[in-house]
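Under full-length UniProt numbering, the letters of the sequence shown match residues 1 to 457, in that order.
By construction, the Cβ of each residue, glycine as well, lies at the ideal position given by its N, Cα and C atoms.
As the structure is a computational prediction, the values presented were derived from the model and not from experiment.
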Amino acid sequence: MQQQHFDLLLKGAMLIGVGPHHDSMARGVIGIRDKRIAWVGEEAPAGATATREMSLGGRIVSPGFINMHYHAGLNFVRGIAPDLGFAPSYTPGLPQASQLRPDEAAALSQLGALEALKAGCTTLVDSFVEADAIAAGMAELGGRLFLSPRLNDVDFAYVLAGKRRFDAERAARMLDSAEAFITRWQGSADGRVHTHLTAHAPDTCSPDFLGAIAALARRHDLKISTHLAQSQDEVDWVQARYACTPVGLLDSLGLLGVDLLAGHCIHVDENDLALIAASATQVVHIPLGNAVSGRFAPTNAMRAKAVALSLATDTMHGDMIEAMRWALAIGRIQQGCVSDDWQPADVLKMATRNGARALGMADQLGSISVGQLADLAIIDTRQAHLTPCIDALGTLVHNGTGRDVEHVIVAGELVVENHRSLRVDEAAVLARAKAATHAVWSRCEPALRPLPEAAFS
Ligand SMILES: [Zn+2]
């Protein structure tokens, strides 16, 4: 029998999310060859050789986390925005993403993508302003990306004043630049950059614009992200204008379905849930972001209807381990008890396998399986808060954080090693993002709170 040679052999770690059923292994070996997982077993194949071996005693290897709804560049309002309202785009008193210059959006987005990658998010589904300017810096980090420009034919200046005014010229301009973006970026960075289309929300996109985005997505076979039923304001505005719910509006426009990645879905009624379930719309659950604004999506009722749920952090942080913990807690709060319905294995699937399915990549991503792309997060449990580690999955979900991720592998390449990016100078990334934050806050109206100069020195 021919000896097997691997590019990278990971030995001695606890494995979670193994195979199609997401089993755990107390001690396992992963062999990686040509970007993919080529071996999973308790031992390496007899006589196997490897270009590099890593001894990972005391570590957990998980499928890389798939963060299904993110805005990497929104970190310039973190620590402030969550205490003022809900989504920054609807919150007066903050500098807005639309006020960022391209280089500033790029600096902030690279920081947000770095934060998420270091926390084990090997795939990020991101939408933001200045998509063309931000893509290269995000891709430079080596993670897998699904990027989209933020598409809205409303002017957010009016939204901040509680009004909506749609602009057909803006819509046409945005569609043209979105198509150019797709052409430029789809499949770039050695196949790690994908594109999708983000229709911002049912109250910030006109029905005509929503229809046009759906047509463009179909032409290019792309997924569509959106914010859906995120606030009572959105529900009330849609009800007053169109005499239906936001979910009903998207249904009438033909947007519901397996290709729609619907973020939030908090304010949904029984009929909305039935429409979501019947159409196989993919719900992206954002447990911590919703909870900080005092709300949660009815995930328990959704799962009872077999609605597909994946997981995301949205804004202000990129830690999917934290998101798993919150998803578990929010599920249990709705039930008022601990049951078999909400266990660590359920939220790990939401953070990995379900995201892969929603992206149409279930055969490529989401588990530690032979043939899948080698996208892995390696967590160091040799720390006080993770000791003893009797059950790897339970310990990770209840006690872990993104900062415990020691190494990150994407397509077989180590992109983070010993908690540091191997692709970029992290200090320079932080410095550029701080300078960008200072610049945009400095340009904003005097009505905003005074800048704490010390934060930028
Ligand atoms: Zn969002």
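Run the proximity test for residue i: is its beta-carbon closer than 8 Å to any non-hydrogen atom belonging to ligand 1?
| i | result |
| --- | --- |
| His267 | no |
| residue 460 | Nothing can be reported for residue 460: it is not among the residues displayed for the chain, which extend from 1 to 457. |
| Thr122 | no |
| Asp203 | no |
| Asp221 | no |
| Thr281 | no |
Check each candidate in the options and name the one with the smallest Cα separation from residue i.
| i | options | result |
| --- | --- | --- |
| Gly120 | Arg173, Gln110, Gly64 | Gly64 |
| Val40 | Gly47, Ser89, Ala46, Gly31 | Gly31 |
| Met302 | Ala278, Ala105, Ser206 | Ala278 |
| Ser127 | Pro149, Arg184, Ala106, Met138 | Pro149 |
| Ala135 | Thr195, His69, His285 | Thr195 |
| Ser107 | Val429, Arg170, Leu74 | The question names Ser, but residue 107 in the sequence shown is Ala. When each option's Cα is compared against that of Ala107, the closest is Val429. |
| Gly79 | Leu94, Leu253, Ile66, His69 | Leu94 |
| Gly28 | Ile66, Val247, Ile60, Ser442 | Ile60 |
| Ala116 | Gly19, His385, Trp441, Val416 | Val416 |
| His317 | Cys337, Leu288, Arg295 | Leu288 |
| Glu406 | Leu393, Met25, His200, Leu56 | Leu56 |
| Thr122 | Asn300, Trp237, Asn67, Asp153 | Asn67 |
| Gly211 | Leu373, Val292, Gly254, Ser24 | Gly254 |
| Ala306 | Thr313, Met320, Gln282, Thr395 | Gln282 |
| Ile368 | Phe6, Gln2, Leu9, Val18 | Val18 |
| Gln110 | Gly137, Pro92, Asp103 | Gly137 |
| Asp404 | Ala384, Leu422, Asp391, Phe86 | Ala384 |
| Arg33 | Met14, Ala168, His5, Ala304 | His5 |
| Pro344 | Glu43, Ser62, Ala44 | Ser62 |
| Ala280 | His267, Asp259, Phe296, Thr49 | Asp259 |
| Gly366 | Cys389, Ala411, Thr313 | Ala411 |
| Tyr242 | Trp342, Pro207, Asn300 | Pro207 |
| Ala139 | Arg423, Ala26, Ala217 | Arg423 |
| Ile409 | Leu386, Ala439, Ala374 | Ala374 |
| Thr313 | Arg382, Val125, His21, Gly58 | Val125 |
| Ser225 | Ile333, Arg443, Gly355 | Gly355 |
| Arg325 | Arg382, Gly294, Asn399 | Asn399 |
| Gln2 | Val268, Met350, His22, Thr49 | Thr49 |
| Ala161 | Gly85, Pro92, Ala262 | Pro92 |
My assumption, with CB atoms under 8 Å, is that residue i sits in contact with residue j. Please give the rounded CB distance.
| i | j | result |
| --- | --- | --- |
| His264 | His227 | 6 Å |
| Leu348 | Ile16 | 6 Å |
| Ser89 | Phe156 | 6 Å |
| Glu426 | Leu114 | 7 Å |
| Gly112 | Gly73 | 6 Å |
| Leu256 | Leu275 | 6 Å |
| Asp153 | Arg170 | 5 Å |
| Glu234 | Pro202 | 7 Å |
| Phe76 | Ala435 | Rounded, the Cβ-Cβ distance is 11 Å, inconsistent with contact. |
| Pro82 | Val284 | That belief does not hold up - the Cβ atoms of Pro82 and Val284 are roughly 19 Å apart, past 8 Å. |
| Glu104 | Val440 | 6 Å |
| Leu147 | Ser421 | Going by Cβ atoms, the distance from Leu147 to Ser421 rounds to 19 Å, so no, they are not a contact pair. |
| Thr204 | Val159 | 6 Å |
| Gln335 | Asn300 | 6 Å |
| Met320 | Leu311 | 7 Å |
| Cys244 | Ser231 | Their Cβ separation, rounded to whole angstroms, is 16 Å, which puts Cys244 and Ser231 out of contact at 8 Å. |
Based on the DSSP output, what are the partners of residue i in its beta bridges?
| i | result |
| --- | --- |
| Arg33 | Arg36 |
| Tyr70 | Asp126, Asp314 |
| His264 | Leu228 |
| Val283 | Ala262, Leu309 |
| Cys121 | Phe65 |
| Ala50 | Phe6 |
| Pro149 | Phe128 |
| Thr195 | Leu147 |
| Asp380 | Arg59 |
| Glu417 | Arg420 |
| Asp23 | Val18 |
| Ala87 | In DSSP, Ala87 forms no bridge with anything. |
| Lys11 | Val29, Ser55 |
| Phe166 | Val154 |
| Gly112 | In the DSSP output, where bridge partners are listed per residue, Gly112 has none listed. |
| Ile368 | Val18 |
| Val77 | None; Val77 has no bridge partner. |
| His398 | Beta-bridge pairing links His398 to no other residue. |
| Ile409 | Leu376, Leu414 |
| Gly41 | Val29 |
Any C-beta of chain D sitting closer than 9 Å to the C-beta of residue i?
| i | result |
| --- | --- |
| Thr195 | Although the question refers to chain D, the structure presented lacks it and comprises just one protein chain. |
- Query: For ligand 1, which residues have a Cβ under 6 Å from at least one heavy atom, in chain order?
  - Reply: His69, His71, His227, Gly263, Asp314
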